[in-house]
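As structure tokens, the structure follows; a few thoughts come after it.
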Amino acid sequence: MKKKNILLAFLAAIMFLGACSDFEDINKDPNAANEDDIKVQYIINKAITDAQQDPHIAERAFVLYWRRAGRQDRSGGINLGTYNNDWSSDYYNYVSGWMKSATQAVDLAEKQIQKDEFAVEYDRQMTKNLKEVARIWRAYLMSEFADNFGPLPLEAFKGTNPEFSSVKDVYYFMIDELKDAAQKIDVNVKAQDIDKKFDRAYQFDFEKWIKYANSMRMRLAMRLSEADAAKAKSEFEDAVKGSIILTADEMFAVKERDGWDPLAGVMSRPWNALLMSNTLNNLMINLGSVKSADMLDASYASYIKPKGYMGKRFQNQFSTYTNDPSIGFFFDGLHNTIDPRAYKLYAIPGDFTSPDAQFTSEDDLG
2 MKKKNILLAF LAAIMFLGAC SDFEDINKDP NAANEDDIKV QYIINKAITD AQQDPHIAER
62 AFVLYWRRAG RQDRSGGINL GTYNNDWSSD YYNYVSGWMK SATQAVDLAE KQIQKDEFAV
122 EYDRQMTKNL KEVARIWRAY LMSEFADNFG PLPLEAFKGT NPEFSSVKDV YYFMIDELKD
182 AAQKIDVNVK AQDIDKKFDR AYQFDFEKWI KYANSMRMRL AMRLSEADAA KAKSEFEDAV
242 KGSIILTADE MFAVKERDGW DPLAGVMSRP WNALLMSNTL NNLMINLGSV KSADMLDASY
302 ASYIKPKGYM GKRFQNQFST YTNDPSIGFF FDGLHNTIDP RAYKLYAIPG DFTSPDAQFT
362 SEDDLG
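The opening residue of the sequence shown carries number 2 in our numbering; numbering runs sequentially from there.
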């Protein structure tokens, strides 16, 4: 009898453990992905795509900060010493998220390489290269962060509260990362078509990623030229020994599209008021040999000015402290001769019958 009770208790314990296992399965989300289900290229795709900036953050970071600092539009802002802390906070959160995705890609690749449970050799070699691509892209994102905010935590996104590193340490880290990652990429690995779509810039052409890394190392080295001339010189000379970006098709570029997502153009909003540089203006009006009258409808004839006409003089209103001969003049019409591409690139001001006419109000221009 005693043996029978022991046997029954043993069987009950087994059933209880089995039930607990069933409960564990019930508590698991069948639609949730774990690390074994995620591919590194998925996270790289997110890190690259999101960093192209949706219109919300593009308006605040790219347009209202960077573009105005570069004097690319008519409005004031950071170029006049003013800023908006909410815009800065928004951008800080965005760029931190992009760096987090890149770091997750590096960490996941490392875990998968360590486990070495790849079904095919292609996945093993591809993952090794993807880790280096993620390191390269993370280095770029770090440079963007450091150039805007200064010190950043090199050990961020590890689940602990990290220490912030100096800009010098950050730059040294980025340069070392780019060099090491470029050296570890195996260019003999060729991405399959199914994976290429997860790299919107280079379609995982690893030779181009190496060129991008070396070219960026040259750029970062140049930024050190005043702060650390010796380091800048040695790193630049070392980077230029490798393959670098030399042609337009090797440039890092992501195709834009209409909409309200990270792939929308950063300057696609209708209220952007871009300035034409004096250099481009002078090239168009001084080298053009095609008469406006020969390119435009007869309705424009009264607006075409005589050859040699400079415009109305406003020497008390416009700054004249420059060697540009047209400074101080307001051209109140159409040039007699002009580069024919000008009429293709730009709508004629005030011609509201044109499909390219600009109807943005002064209030929108800021």
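Even for Gly, the Cβ is constructed at its ideal location relative to N, Cα and C.
Measure the C-alpha to C-alpha separation of residue i and residue j and round it to an integer number of angstroms.
i: Asp-357; j: Val-41; result: 43 Å
i: Leu-312; j: Pro-350; result: It is worth fixing the name first, because residue 312 is Gly in this sequence and not Leu. Going by the C-alpha atoms only, they are around 15 Å apart.
i: Met-127; j: Tyr-93; result: 32 Å
i: Tyr-344; j: Phe-332; result: 16 Å
i: Met-217; j: Ile-339; result: 39 Å
i: Ile-286; j: His-336; result: 7 Å
i: Pro-326; j: Lys-47; result: 49 Å
i: Ile-39; j: Lys-256; result: 25 Å
i: Ile-176; j: Lys-101; result: 19 Å
i: Asn-283; j: Tyr-84; result: 33 Å
i: Gln-193; j: Asp-108; result: 23 Å
i: Ile-114; j: Tyr-123; result: 12 Å
i: Ala-120; j: Asp-259; result: 39 Å
i: Tyr-43; j: Gly-160; result: 22 Å
i: Leu-225; j: Arg-68; result: 23 Å
i: Gln-204; j: Asn-215; result: 18 Å
i: Arg-139; j: Lys-116; result: 23 Å
i: Asn-80; j: Gln-316; result: 25 Å
i: Ala-230; j: Leu-221; result: 12 Å
i: Pro-307; j: Ser-355; result: 24 Å
i: Gln-318; j: Trp-88; result: 34 Å
i: Thr-248; j: Gly-71; result: 25 Å
i: Asn-324; j: Lys-232; result: 38 Å
i: Leu-288; j: Asp-298; result: 22 Å
i: Arg-91; j: Phe-174; result: Residue identity check: residue 91 is Asp in the sequence provided, not Arg. Spanning the two alpha carbons is a distance of roughly 26 Å.
i: Glu-363; j: Gly-78; result: For Glu-363, the pLDDT reaches just 49, beneath the cut-off of 50, and the residue's location in the model is therefore unreliable, although a value from the coordinates is still provided. The straight-line gap from Cα to Cα measures roughly 16 Å.
i: Ala-265; j: Ile-195; result: 24 Å
i: Lys-1; j: Pro-163; result: The structure shown does not extend to residue 1, since the chain is modelled only from 2 to 367, so the question has no answer here.
i: Tyr-322; j: Val-96; result: 40 Å
i: Ser-303; j: Lys-242; result: 59 Å
i: Glu-118; j: Lys-129; result: 13 Å
Is the beta carbon of residue j closer than 9 Å to that of residue i?
i: Val-64; j: Val-267; result: yes
i: Ala-135; j: Ala-110; result: yes
i: Met-296; j: Tyr-347; result: no
i: Ala-202; j: Ala-254; result: yes
i: Gln-105; j: Pro-263; result: no
i: Asp-74; j: Leu-281; result: no
i: Asp-250; j: Ile-49; result: no
i: Phe-207; j: Met-219; result: no
i: Gly-329; j: Arg-314; result: yes
i: Glu-60; j: Arg-342; result: no
Take residue i as the anchor and find which of the options has the nearest alpha-carbon.
i: Asp-148; options: Arg-72, Tyr-172, Lys-306; result: Tyr-172
i: Phe-146; options: Pro-56, Ala-62, Glu-236, Glu-251; result: Ala-62
i: Ala-228; options: Asp-262, Thr-280, Asp-170; result: Asp-170
i: Tyr-213; options: Phe-150, Val-168, Tyr-141; result: Tyr-141
i: Ser-167; options: Asp-177, Phe-150, Lys-159; result: Phe-150
i: Ser-144; options: Met-223, Gln-105, Tyr-123; result: Met-223
i: Asn-86; options: Thr-104, Tyr-66, Gln-105; result: Tyr-66
i: Asp-352; options: Ser-300, Asp-196, Arg-72, Ala-70; result: Ser-300
i: Gly-309; options: Asp-298, Ser-290, Val-190, Tyr-95; result: Ser-290
i: Ala-103; options: Arg-125, Leu-155, Glu-118, Gly-78; result: Leu-155
i: Lys-191; options: Lys-242, Met-252, Arg-125, Asn-162; result: Arg-125
i: Asn-209; options: Lys-242, Glu-118, Asn-162, Met-252; result: Correcting the residue type first, residue 209 is Lys in the shown sequence and not Asn. It is Met-252 whose Cα lies nearest to the Cα of Lys-209.
So, under 8 Å CB-CB, residue i and residue j are touching, yes? Tell me the CB distance rounded to an integer number of Å.
i: Lys-198; j: Glu-133; result: Lys-198 to Glu-133, Cβ: 20 Å. No contact.
i: Ile-246; j: Ala-182; result: At roughly 16 Å, the Cβ-Cβ gap does not stay under 8 Å, so Ile-246 and Ala-182 are not in contact.
i: Leu-131; j: Ile-45; result: 6 Å
i: Leu-179; j: Phe-165; result: So it is not a contact: roughly 21 Å between Cβ atoms.
i: Gly-98; j: Asp-51; result: 7 Å
i: Ile-261; j: Pro-56; result: The question names Ile, yet the displayed sequence has Trp at residue 261. At roughly 6 Å, the Cβ-Cβ gap stays under 8 Å, so Trp-261 and Pro-56 are in contact.
i: Ile-211; j: Ser-235; result: Going by Cβ atoms, the distance from Ile-211 to Ser-235 rounds to 20 Å, so no, they are not a contact pair.
i: Ile-305; j: Ser-320; result: Not confirmed; about 28 Å, so no contact.
Kindly say whether residue i, judged by its beta-carbon, lies nearer than 9 Å to any beta-carbon of chain B.
i: Leu-247; result: Absence of chain B from the displayed structure is noted, only one protein chain being present.
Runs of beta strand (DSSP E) wholly within the stretch 201-261 (minimum 3 residues, chain order): If we require 3 residues or more, the stretch 201-261 turns out to have no beta strand (DSSP E) run fully inside it.
Runs of alpha helix (DSSP H) lying entirely within the stretch 101-145, each at least 4 residues, in chain order: Listed in chain order, nothing qualifies, since the stretch 101-145 has no complete alpha helix (DSSP H) run of 4 or more residues.
Within the stretch 293-327, ranges of the beta strand (DSSP E) (whole runs, at least 3 residues): Secondary structure within the stretch 293-327: not one fully enclosed beta strand (DSSP E) run of 3 or more consecutive residues is present.
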